[in-house]
């Protein structure tokens, strides 16, 4: 049986953002080719997609955007699996009956805590081993790897003093770092500080990882022949880098086994 993970480095799905002053902004769709691939991988016209939004506190607006995108645009049937608030849904049954698990972005540490508290971490591993397509954006991409790397407030703007690896589900070797191409809006110069800190961390901890741009995703497929890692690009110019001490290396599309 082939087991599949799609880990997305970030990108908008056409949500409508409401600001504090009441005005709204229509965000673009930056991950369409990736999301089409996720749906296509099931081999079904109308697969069941279970959304986990614990990383953002199960914000209803996030699920509304996911439902509009995957259901109305891509034909999937969507289910909102709430973990941070009371729910009547049978969590295990819902996960095991899914065709796709899609985990949204937000705070990775909060997400991992919610998965562990509800024993969903073990359920996800069982579903993965049974062929359910696993996917996620940003924080939702981090969970599938041995570890994720961000600083104490989980804002992906870490410095050498605060940036450490934290354990994730361990289905893929290495660690995952989303928003690799994102520029910090204020304060820290991410290119000069955070990225340098990551590469130094690799040397200190003797680890490697993946830096994934917004609009790009890692497609990880595992079968009896081993594990293949390739890239899916949905946004022009987006790339994925395998981060090796002490340098970053661009992954060539569709080539090689890890």
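Residue numbers (this note's numbering): 154 to 411. Virtual Cβ for every residue (Gly too), placed ideally from N, Cα, C.
Counting C-beta pairs with one atom in each stretch, the segment 291-303 and the segment 227-244 have fewer than three that are closer than 8 angstroms, which means they do not touch.
According to the DSSP secondary-structure assignment, residue 393 is paired through a beta bridge with 365. With a minimum length of 4 residues, the unbroken runs of alpha helix (DSSP H) contained wholly in the segment 216-274 fall at 244-249 and 261-270.
Residue range 379-386 is occupied by the beta strand (DSSP E) that includes residue 385.
By the CB criterion at 8 angstroms, residue 362 and residue 387 fall outside the cutoff. Ranked by Cα distance from residue 165, the options 262, 353 and 221 are led by 221. Take the alpha-carbon of residue 224 and the one of residue 373: they are about 24 angstroms apart.
A Cβ-Cβ separation of about 7 angstroms places residue 192 in contact with residue 228 under the 8 angstroms criterion.
DSSP places residue 154 outside any alpha helix (DSSP H), giving it a letter other than H or E. Here the C-alpha atom of residue 181 lies approximately 38 angstroms from the C-alpha atom of residue 378. When rounded, the separation of the alpha-carbon atoms in residue 253 and residue 289 is 10 angstroms.
About 4 angstroms separates the Cβ atoms of residue 331 and residue 162, confirming a contact at the 8 angstroms cut-off. For residue 300, the pairing in a beta bridge is given by DSSP as 320 and 328. In this structure, residue 287 places its C-beta atom within 8 angstroms of the C-beta atom of residue 157.
Around the beta carbon of residue 256, 16 or more other beta carbons sit within 10 angstroms, so the residue counts as buried. For the set 266, 324, 211 and 215, the Cα lying nearest the Cα of residue 376 is the one of 324. With a 10 Å radius around the Cβ and a threshold of 16 neighbouring Cβ atoms, residue 154 comes out exposed. Under the three-state reduction of DSSP output, residue 353 falls in the helix class.
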